[in-house]
Each structure stands twice: as C-alpha cells, then as structure tokens.
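So for the sequence shown, this note's numbering puts the first residue at 792; every next one is plus one.
For every residue, glycine included, the Cβ atom is placed at its ideal position computed from N, Cα and C.
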Amino acid sequence: MRPLPERLQAARAARAPLLADPRTTALRLLNGEADGVPDVTADAFGDGGALVVLSLYRDFTPQEEAALVEAAVAAWRPRSLYLKRRPREARVVANTQKAQLAPEVPAWGEAVEALEARENGLQFLIRPAQGLSVGLYLDMRDTRAWLQGQVSGRTVLNLFAYTCAFGVAAKAGGAARVLNVDASRRVLEWGEENARLNGQGVDRYDYVAGDVFDWLERLAKKAERFDVVVCDPPSFATTRSSRFSAARDYAALAESAARVVAPGGRLVACCNHAGLEARRFEAQVRQGALQAGRTVRPVASLGPSALDFPEPPSAPAALKVRVVELP
792 MRPLPERLQA
802 ARAARAPLLA
812 DPRTTALRLL
822 NGEADGVPDV
832 TADAFGDGGA
842 LVVLSLYRDF
852 TPQEEAALVE
862 AAVAAWRPRS
872 LYLKRRPREA
882 RVVANTQKAQ
892 LAPEVPAWGE
902 AVEALEAREN
912 GLQFLIRPAQ
922 GLSVGLYLDM
932 RDTRAWLQGQ
942 VSGRTVLNLF
952 AYTCAFGVAA
962 KAGGAARVLN
972 VDASRRVLEW
982 GEENARLNGQ
992 GVDRYDYVAG
1002 DVFDWLERLA
1012 KKAERFDVVV
1022 CDPPSFATTR
1032 SSRFSAARDY
1042 AALAESAARV
1052 VAPGGRLVAC
1062 CNHAGLEARR
1072 FEAQVRQGAL
1082 QAGRTVRPVA
1092 SLGPSALDFP
1102 EPPSAPAALK
1112 VRVVELP
C-alpha cells in the first residue's frame, strides 16, 4: 500500500474537475475505503479547499490522529482543518462529550466561525465548529441540482429541512413556494441566512419549526397539497411521541408524505441509512404510497456524485434517493 500522503494526494488529484469548477467549492475530498483510507472522510470548503473537515469513523489513537492531520495538511495545504470523531460507540453512549466528538477549535490552522461555500453557483454558510454537521450534506449535490431543474412554477414541501439547502435550490429553480419544516428553529434560521445569501426573499411562515409527522398531519387535514415533497429524514430521530428509525418506519413516513402530494406530483424520498438495503427502501416507499391510496410511477434514481463519492468495493453508497410520481 502506498504511503498515506501519496494516497491523500491521489484523492485530491481525482477531484481535479470539481476543484477546477469555480461554481462549486464544496466537495468530498476523501471518501474512505474507496480512496484507500478506510474509516476516514474529508470534506473541503471554500476556494482551493481552504477549510477541510476530517471525519473519523473508528477510535483513533492520539498518535494516529496526529499522523493523519499532519499528512492531510502536507497533502492538501488547507488554511484550517477541523476534526469530527464519529466512532460507532458515540451513537449509543448518551454521555459522550460533544466537545470530544466535535471540537470547537481546529486541529490545525486558524479558527473559522463561518465560511461561504458554493455549490453549482449557489452559496451556503458552513460553520465547522457547530457540531458534527457543518451545514451542507455534500452527497446531496446532484439531487439538489436535479430538483432545481424540475420545480419552476411549482410548490415544494421540504421535510427535515436542516439548513434548507433543498429549499434554496428549489427557489433558485423558480419554485412558486417552498415550505421548509424542521424540528430545530436554530437550523431553520441558518436556512434563512442561506436564502438571503442567494438574494432570495424570506417569509418566516415558510420556515416552520416543529415535528414533521405532526405537520404532515396538519397539512393533510387542511387539504394542503404540494407539487413536490422532499423527504430527507435522519436515519434515527426522536419525536415528542415516538422514536423514528428509517429502516423500520420509512413506509409510515412515505404514507404521511404521500397524503400531501398533489395529483401528478412527485415525492423525492431520500435515505442515508446504510443498514436499509436499496430494494427494501424502494419497497417501503411503494408501500407507504399505497397505504395513502396512491399509485407509484418511478421517475428517477439519484445518489451521490461519482466524481467525489466513489463507491468502495466492499459496499454500495449509503445514500439512496428515489423520485416517484403519484398520479
């Protein structure tokens, strides 16, 4: 196996087309096993990859971490590098310290409070010191681009909106209205910042903080319908009344979402749970639509870009996006 610095340099070289595109300055620089570095990913943001966010998916010793940071700085020469520790145990241990998993100070270089990154010409605020997620899920880039080209004059419901990147893309594509729903007011305010960053108007009534299932029920009771419903839930979530697991509960979510899709509209069903195999996911989407009394016509199968998310030989990409039309 080649030395680590050489593998990191090769990973960057493989992203040359993206790095040369001035319209996109947010990309996956290293994708774990597929780039010869298992259990590690790196995302780059800003011109020339000024900010690198390095994520570790197993317990690394301090010596291993230091060697990895040193090699990454030498190979990529960022201005700042932040570490995110995502060991398997951190998902189940309640008292894991946030500061340990996502340090607020960089592992190398200058501190960054916020940085503007571009994706297909749209701008998004990246905040590397605010937890494990920094503001933009890069594996959804191609899906956002697809959405932008599909929604002119249409109404869009963006569920589990996070920082509203799908909403920004939809507005940029000429959507007549976008309603963003997320449990967190804080990330919705971040989404409002993203909209303003792109010169888009902000109506607070279109940024709804609340339980997605509750709001789907409300919208259905009010007979509100949307031409496109984007459903991008976390793999696991706790609501006021229950716990959601994508592997177990996606059919119920798809049913609730299908009830607010306008006749002839589309459901964009997304799942990033590696434990939910693609065929089973597709079956849950179909089942949910049927339970809502809707038939399903497949429209598109989307996923991460092969340019910066090459698939490892041992496993397919976790992200699955299925677009279905509901006549």
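Query raised in the report: When you compare only the Cα positions, how much space is there between Glu861 and Leu906?
Result: Position 70 of the sequence shown, counted from the start, is the residue given in the question as residue 861. Position 115 of the sequence shown, counted from the start, is the residue given in the question as residue 906. When rounded, the distance between both Cα atoms is 23 Å.
**Report entry** Inter-residue spacing [alpha-carbon to alpha-carbon] between Pro829 and Ser846
**Finding:** For the purposes of this step, residue 829 is taken as residue 38 along the sequence shown, with counting starting at 1. For the purposes of this step, residue 846 is taken as residue 55 along the sequence shown, with counting starting at 1. Taking the straight line from one Cα to the other gives about 11 Å.
Report task. Buried or exposed for Glu834, please, with buried defined as at least 16 other CB atoms from any protein chain shown within 10 angstroms of its CB. Result -> Start at 1 with the first residue of the sequence shown, and residue 834 comes out as number 43. Inspection of the sequence shows that residue 834 is occupied by Asp rather than by Glu. Buried: at least 16 other Cβ atoms inside 10 Å.
**Report entry** Cβ-Cβ separation, Gly912 to Ser943 (assumed contact under 8 Å), whole Å
**Finding:** Taking the sequence shown and counting its residues from 1, the one referred to as residue 943 is at position 152. Taking the sequence shown and counting its residues from 1, the one referred to as residue 912 is at position 121. Not a contact, Cβ separation roughly 16 Å.
Report task. Work out the CA separation of Val1076 and Phe1035 for me, nearest whole Å. Result -> Stepping through the sequence shown from its first residue, residue 1035 is reached at position 244. Stepping through the sequence shown from its first residue, residue 1076 is reached at position 285. Their Cα atoms are separated by approximately 15 Å.
Report task. Using beta-carbon positions only, say whether Arg1016 and Val1051 come within less than 8 Å of one another. Result -> For the purposes of this step, residue 1016 is taken as the residue at position 225 of the sequence shown. For the purposes of this step, residue 1051 is taken as the residue at position 260 of the sequence shown. Yes, the Cβ-Cβ distance between Arg1016 and Val1051 is below 8 Å.
Query - Sequence-distant residues of the same chain with beta carbon closer than 8 Å to Glu980, five excluded per side - result: In the sequence shown, counting from the first residue as 1, residue 980 sits at position 189. Excluding sequence neighbours, Glu980 sits near Tyr998.
Report task. Apply the 10 Å Cβ neighbour rule to Pro1107 and answer buried if 16 or more other Cβ atoms are within range, or exposed otherwise. Result -> Sequence index remark: in the sequence shown, residue 1107 carries index 316 (1-based). Per the 10 Å Cβ criterion, exposed.
Query raised in the report: Alpha carbon to alpha carbon, what distance is there between Leu1081 and Val972?
Result: For the purposes of this step, residue 972 is taken as the residue at position 181 of the sequence shown. For the purposes of this step, residue 1081 is taken as the residue at position 290 of the sequence shown. Those two C-alpha atoms are separated by around 24 Å.
Report task. Spatial neighbours of Ala801 within its chain, please: CB distance less than 8 Å, with the 5 preceding and 5 following residues excluded, ordered by chain position. Result -> Here residue 801 refers to the residue found at position 10 of the sequence shown. Same-chain partners within the cutoff: Arg793, Asp826 and Gly827.
Requested in this report: Just the C-alpha distance for Val1115 and Arg968, rounded to the nearest angstrom, thanks.
Outcome: Within the sequence shown, numbered from 1, the residue matching residue 1115 stands at position 324. Within the sequence shown, numbered from 1, the residue matching residue 968 stands at position 177. One C-alpha to the other measures close to 20 Å.
Query raised in the report: Taking the DSSP output, what are the residues bridged to Glu910?
Result: Position 119 of the sequence shown, counted from the first residue, corresponds to residue 910. Paired residue(s): Leu913.
Requested in this report: Can you tell me the Cβ-Cβ gap for Pro813 and Ala865, rounded? I've got them flagged as a contact below 8 Å.
Outcome: Position 22 of the sequence shown, counting from 1, holds the residue named residue 813. Position 74 of the sequence shown, counting from 1, holds the residue named residue 865. Rounded to whole angstroms, the Cβ separation of Pro813 and Ala865 is 26 Å, and the two are not in contact under 8 Å.
Query raised in the report: Pick from Ala841, Pro897, Thr946 and Ser1047: whose alpha carbon is nearest that of Asp1005?
Result: Your numbering for residue 1005 matches position 214 in the sequence shown. Checking every option, the nearest Cα to that of Asp1005 belongs to Ser1047.
Query raised in the report: Taking the C-alpha atoms as reference points, what is the distance between Val1058 and Val1112?
Result: Along the sequence shown, read from residue 1 onward, the residue named residue 1058 stands at position 267. Along the sequence shown, read from residue 1 onward, the residue named residue 1112 stands at position 321. The identity of residue 1058 in the sequence shown is Leu, whereas the question assumes Val. Each residue's alpha carbon lies about 10 Å from the other.
Query raised in the report: Does the Cβ-Cβ distance between Leu809 and Asp933 come in under 8 Å?
Result: Position 18 of the sequence shown, counted from the first residue, corresponds to residue 809. Position 142 of the sequence shown, counted from the first residue, corresponds to residue 933. No, the pair does not count as a contact, with Cβ atoms beyond the cut-off.
Query raised in the report: DSSP three-state call for Lys962: helix, strand or coil?
Result: To locate residue 962, count along the sequence shown from 1; it is residue 171. Looking at Lys962 - three-state DSSP - the assignment turns out to be helix.
Query raised in the report: Can you tell me whether DSSP reads Arg977 as helix, strand or coil?
Result: Along the sequence shown, read from residue 1 onward, the residue named residue 977 stands at position 186. In the three-state DSSP reduction, Arg977 falls in the helix class (H, G or I).
Query raised in the report: Roughly how many whole angstroms lie between the Cα atoms of Ile917 and Glu1073?
Result: Here residue 917 refers to the residue found at position 126 when the sequence shown is read from its first residue. Here residue 1073 refers to the residue found at position 282 when the sequence shown is read from its first residue. In a straight line, the C-alpha of Ile917 is about 32 Å away from that of Glu1073.
Query raised in the report: Thinking C-alpha only, which one of Ala1037, Leu799 and Ala805 is nearest Leu1098?
Result: Here residue 1098 is taken as the residue at index 307 of the sequence shown, counted from 1. Nearest option by C-alpha distance: Ala805.
Query raised in the report: At what residue ranges does the segment 994-1076 contain a whole run of the beta strand (DSSP E), taking only runs of 3 or more?
Result: If only complete runs of 3 or more residues are kept, the segment 994-1076 shows the beta strand (DSSP E) at 998-1000, 1017-1022, 1027-1029, 1034-1036 and 1052-1062, in order along the chain.
Query raised in the report: Could you give the distance in angstroms between the alpha-carbon of Arg976 and the alpha-carbon of Tyr996?
Result: Taking the first residue of the sequence shown as 1, we reach residue 976 at position 185. Taking the first residue of the sequence shown as 1, we reach residue 996 at position 205. Approximately 12 Å, taken between the alpha carbons.
Query raised in the report: Can you check whether the CB of Leu1117 is closer than 8 Å to the CB of Ala1060?
Result: Reading the sequence shown from its first residue, position 269 is the one you call residue 1060. Reading the sequence shown from its first residue, position 326 is the one you call residue 1117. In terms of Cβ geometry, Ala1060 and Leu1117 do not form a close pair [threshold 8 Å].
Requested in this report: With a 10 Å radius around its C-beta and 16 neighbouring C-beta atoms as the bar for buried, classify Thr1029 as buried or exposed.
Outcome: Residue mapping note: residue 1029 aligns to position 238 of the sequence shown, counting from 1. Classification for Thr1029: exposed.
Query raised in the report: Do you know how far the Cα of Ser1105 is from the Cα of Arg870?
Result: Translated into positions along the sequence shown, residue 870 becomes position 79. Translated into positions along the sequence shown, residue 1105 becomes position 314. Roughly 33 Å separates the two Cα atoms.
Query raised in the report: How long is the line joining the alpha carbons of Gly840 and Gly823, rounded to whole angstroms?
Result: Within the sequence shown, numbered from 1, the residue matching residue 840 stands at position 49. Within the sequence shown, numbered from 1, the residue matching residue 823 stands at position 32. Cα to Cα, the separation comes out at about 18 Å.
Query - Cβ-Cβ separation, Val844 to Leu863 (assumed contact under 8 Å), whole Å - result: As a working note, residue 863 is residue 72 in the sequence shown. As a working note, residue 844 is residue 53 in the sequence shown. Reading off the sequence shown, one finds Ala at residue 863, where the question assumed Leu. The pair is not a contact, with the Cβ atoms about 11 Å apart (cut-off 8 Å).
Report task. Enumerate in chain order the residues of its own chain whose CB-to-CB distance from Val883 is below 6 Å, with the five nearest sequence positions on each side excluded. Result -> Within the sequence shown, numbered from 1, the residue matching residue 883 stands at position 92. Confidence in Val883 is poor, its pLDDT being 44 and thus under 50, which makes the residue's placement unreliable; the coordinate value appears in the next sentence. Excluding positions up to five away in sequence, the list is empty.
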